[in-house]
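Take a look at the structure set out below.
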Amino acid sequence: MNDTSTTRRTFLKQSALAGAVVGFPAVLRAANPNSTIQLAAIGVNARGYGDLHSLASHPKVKYIAFCDVDTASFAKADADHPGTPHYTDFRDMLAQLGDKVDAVNVATPDHMHALASIEAMKRGKHVYCQKPLAHTVWECRQMRLWAAQKGVVTQMGNQIHSAVEYRLATRLLHEGVIGKVKEVHSWVAVAGNERTCLLEPPAAGEPVPAGLNWDLWIGGAPMRPYSPGLYHPFAWRDWQDFGGGALGDFGCHILDPVFTGLRLKAPTSIVAENSGVNRHIWPTTETVRFVFPGNELTAGPTLNVTWTDGGLRPERKLAQLPADLELPKSGSLFIGEKGNMVLPHVGGPRLYPLENFAGFVYPKDIKGLNHWHRWIDAIVAGGKTSAGFDYAGLLAETVQLGNVATRAARRQTITRGTKKTDEKSGTLHWDTEACRITNDPGANALLTKSYRKGWEVPAA
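In numbering that gives the first Met the number 0, the protein residues as written are 0 to 459.
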């Protein structure tokens with residue numbers, strides 16, 4: 000998709016083409032509880048290796064292929080699973096292995112999540128994909144639609160979703176321990192461009208290291224010269240072409256218990272302000288305010304959720320903490336009618352003011368679960384997961400809507416050596432059914448992006 004919207008004709012054409020190339024789904028093999036789930040990993044370094052290692056600990060998993068654009072990344076995976084075939088292009092891997100693959104785990108940079116996952120789902124493969132699920136709002140929507148269309152078992156890699164800390168917090172909110180919730184503040188200490196601290200990419204590059212396929216690493220993004228340490232293997236999160244800054248990195252973690260605990264769906268409006276942004280980088284600090292429809296767990300007809308990053312936090316007095324305590328560096332504050340809950344990232348929930356909860360006993364029957372094994376178990380049993388793309392798609396869309404609002408705000412546009420103040424964008428109104436921002440064509444255009452030829456993400 001290269002424009003801001005998909006026409007009906009294009010939609011039908013893409014859907015027909017997608018259906019034409021889908022082979023016999025491997026899901027049938029996975030339905031047999033005595034079978035081995037044959038996995039392929041797309042991205043095997045850093046978080047990719049962590050996912051690979053955690054999934055491989057399940058007794059019904061066997062890895063049959065590793066894919067990575069950098070041959071230096073295979074060493075750790077090979078040490079654990081010697082003799083596993085290597086690929087550099089996931090499209091070649093999926094085409095050559097066909098029905099030998101039951102499922103894939105995707106841990107590439109964000110800008111390639113959607114294409115890798117959708118190419119797998121088109122072929123009937125189950126998918127475990129790292130957060131923030133996809134790089135744009137439109138891609139998040141397509142991930143959700145493809146998963147539903149193909150009936151595959153999916154899971155987003157926000158593993159704290161299954162941890163005891165977040166499960167306990169969700170339980171307390173569902174049981175109304177702090178009463179109906181009036182507002183939420185969530186924050187992370189990480190800054191949006193703290194890894195490189197650059198304003199623009201360098202114009203000149205350096206030779207690409209042996210073993211790294213730079214063209215495949217760039218994928219659908221605009222081509223640029225290779226520059227050591229600025230993109231691969233980690234600092235890509237700073238750049239709008241590849242990552243989502245602090246909100247893209249941590250939003251699907253920290254906002255996850257907000258969504259699950261308060262049963263949120265999609266926001267109705269978003270507004271943002273920031274320390275300065277251009278078309279290349281994410282801002283050092285930002286504040287994003289979401290408004291959600293209220294429900295039986297909230298105190299009013301709407302719920303305000305405020306996100307901050309780069310060290311910005313709500314005022315500690317909002318939490319009614321004891322004098323010797325501070326808010327955690329990252330986490331969430333739920334303000335309720337009966338009191339408040341502070342939920343660190345990652346840590347157990349705590350209730351304040353202390354006098355309101357004297358004698359309260361935290362439930363002891365909540366256990367942490369293995370997030371990776373839950374996905375495999377659901378494949379084996381023919382079930383589903385609680386962090387599947389049906390849920391994770393809406394959470395990820397919200398995160399990327401925050402990034403759209405940040406890019407649209409342009410409170411300050413910064414370039415090499417200069418900074419100028421622009422007119423600040425107003426509140427964006429979101430129509431989730433139509434997947435469009437109704438009051439700002441410029442912001443609506445940011446729901447998607449253009450792709451290099453041959454790397455287009457297909458519509459469901």
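Heads up, the beta-carbon is just placed ideally off N, CA and C, and yes, glycines get one too.
Only counting the same chain, and skipping five residues up and downstream in sequence, which positions put a Cβ closer than 6 Å to that of residue i?
{"i": "lysine 61", "result": "Thr35, Gln37"}
{"i": "proline 343", "result": "Pro327, Gly330"}
{"i": "glycine 47", "result": "Ala106"}
{"i": "glycine 218", "result": "Met111, Trp454"}
{"i": "alanine 162", "result": "Gly367"}
{"i": "glycine 244", "result": "Gly191, Trp281"}
{"i": "threonine 6", "result": "Confidence at threonine 6 is low in this model, with a pLDDT of 33, below 50, so the placement of that residue should be treated as unreliable; the coordinate-derived value is given next. Hits under 6 Å: none found."}
{"i": "serine 274", "result": "Pro282, Thr283, Thr284"}
{"i": "valine 207", "result": "Trp213, Tyr225"}
{"i": "alanine 459", "result": "Gln141, Leu144, Trp145, Gln148"}
{"i": "glutamate 182", "result": "Asn303, Ile334"}
{"i": "histidine 252", "result": "Asn157, Ile159"}
For residue i, verify whether its CB is less than 7 Å away from any heavy atom of the ligand PLP.
{"i": "valine 43", "result": "Of ligands this structure carries none, so the ligand PLP is not represented either."}
Terminal residues of the continuous alpha helix (DSSP H) containing residue i?
{"i": "leucine 320", "result": "Looking at the DSSP string, leucine 320 is not in any alpha helix (DSSP H), and its letter there is neither H nor E."}
{"i": "serine 116", "result": "112-121"}
{"i": "glutamine 399", "result": "388-408"}
{"i": "alanine 444", "result": "440-444"}
{"i": "leucine 215", "result": "213-217"}
For residue i, which residues from the same chain have a beta carbon less than 7 Å from its beta carbon, with the 5 sequence-adjacent residues on both sides left out?
{"i": "alanine 188", "result": "Gly310, Lys328, Ser329"}
{"i": "proline 266", "result": "Phe289, Val290, Phe291, Thr397, Leu400, Trp429"}
{"i": "proline 224", "result": "Ala203, Gly204"}
{"i": "histidine 85", "result": "Phe65, Phe73"}
{"i": "alanine 113", "result": "Ala133, His134, Glu138, Gln141, Met142, Val456"}
{"i": "glycine 441", "result": "Ala407"}
{"i": "serine 268", "result": "Val290, Thr426, Leu427, His428, Trp429"}
{"i": "phenylalanine 89", "result": "Ile41, Cys66, Ala115, Glu118"}
{"i": "phenylalanine 241", "result": "Pro108, Asp109, His110, Ala220, Tyr230, Trp235"}
With a 10 Å radius around its C-beta and 16 neighbouring C-beta atoms as the bar for buried, classify residue i as buried or exposed.
{"i": "glutamine 95", "result": "exposed"}
{"i": "histidine 110", "result": "buried"}
{"i": "glycine 228", "result": "exposed"}
{"i": "glutamine 129", "result": "buried"}
{"i": "proline 24", "result": "The predicted model places proline 24 with a pLDDT of 38, which falls under 50 and marks its position as unreliable; any figure quoted below should be read in that light. Buried is the call here."}
{"i": "serine 56", "result": "exposed"}
{"i": "arginine 262", "result": "exposed"}
{"i": "glutamate 336", "result": "exposed"}
{"i": "methionine 222", "result": "exposed"}
{"i": "serine 116", "result": "buried"}
{"i": "glutamate 118", "result": "buried"}
{"i": "cysteine 196", "result": "exposed"}
{"i": "serine 449", "result": "exposed"}
{"i": "lysine 149", "result": "buried"}
{"i": "histidine 370", "result": "buried"}
{"i": "histidine 231", "result": "buried"}
{"i": "glycine 123", "result": "buried"}
{"i": "threonine 437", "result": "exposed"}
{"i": "proline 352", "result": "exposed"}
{"i": "glutamate 422", "result": "Confidence in glutamate 422 is poor, its pLDDT being 46 and thus under 50, which makes the residue's placement too unreliable to answer from."}
{"i": "proline 81", "result": "exposed"}
{"i": "alanine 271", "result": "buried"}
{"i": "histidine 184", "result": "buried"}
Looking at the secondary structure, which residues open and close the beta strand (DSSP E) in which residue i lies?
{"i": "arginine 288", "result": "285-292"}
{"i": "asparagine 104", "result": "102-105"}
{"i": "histidine 472", "result": "Absent from the model: residue 472. The displayed extent of the chain is 0 to 459, so no value can be given."}
{"i": "threonine 307", "result": "301-307"}
{"i": "tyrosine 38", "result": "According to the sequence displayed, residue 38 carries leucine and not tyrosine. Start and end: 36-41."}
At least one CB of chain D closer than 8 Å to the CB of residue i: is that the case?
{"i": "aspartate 240", "result": "Given the protein chain composition of this structure (a single chain), no chain D is represented."}
Go through its chain and collect everything with a Cβ distance to residue i's Cβ below 8 Å, but skip five positions before and after it.
{"i": "arginine 451", "result": "Ile217, Gly218, Gly219, Ala220, Pro221, Met222"}
{"i": "alanine 29", "result": "Residue placement at alanine 29 is poorly supported in this model, since its pLDDT is 41, which falls under 50; the coordinates are not used for a value here."}
{"i": "lysine 75", "result": "Val43, Asn44, Tyr48"}
{"i": "lysine 264", "result": "Phe291, Pro292, Leu393, Thr431"}
{"i": "glycine 178", "result": "Ala298, Gly335, Glu336, Lys337, Gly338"}
{"i": "threonine 169", "result": "Pro256, Thr259, Gly260"}
{"i": "leucine 167", "result": "Gly347, Pro348, Tyr361, Pro362, Ile365"}
{"i": "glutamate 325", "result": "Arg315"}
Whole beta strand (DSSP E) runs in the stretch 250-277 with 3 or more residues, listed along the chain?
268-273
On the three-pair Cβ rule with 8 Å, is the stretch 355-368 touching the stretch 209-217?
no
Every unbroken alpha helix (DSSP H) inside the stretch 124-167 [4 residues or more]
136-149
Contact between the stretch 315-325 and the stretch 129-138 (3+ Cβ pairs under 8 Å):
no
Beta strand (DSSP E) runs wholly inside the stretch 56-96, at least 3 long, in chain order:
60-66
Start-end ranges of the beta strand (DSSP E) lying completely within the stretch 318-374, minimum 3 residues
330-335, 339-343, 349-351
With three or more C-beta pairs closer than 8 Å as the rule, is the stretch 285-293 touching the stretch 393-407?
yes
Any contact of the stretch 381-393 with the stretch 143-157, i.e. 3+ C-beta pairs under 8 Å?
yes
Could you name each continuous beta strand (DSSP E) segment of 3 residues or more that falls completely within the stretch 178-233, going from the start of the chain to the end?
180-186
Three or more C-beta pairs closer than 8 Å, one from the stretch 345-354 and one from the stretch 301-315: is that the case here?
no
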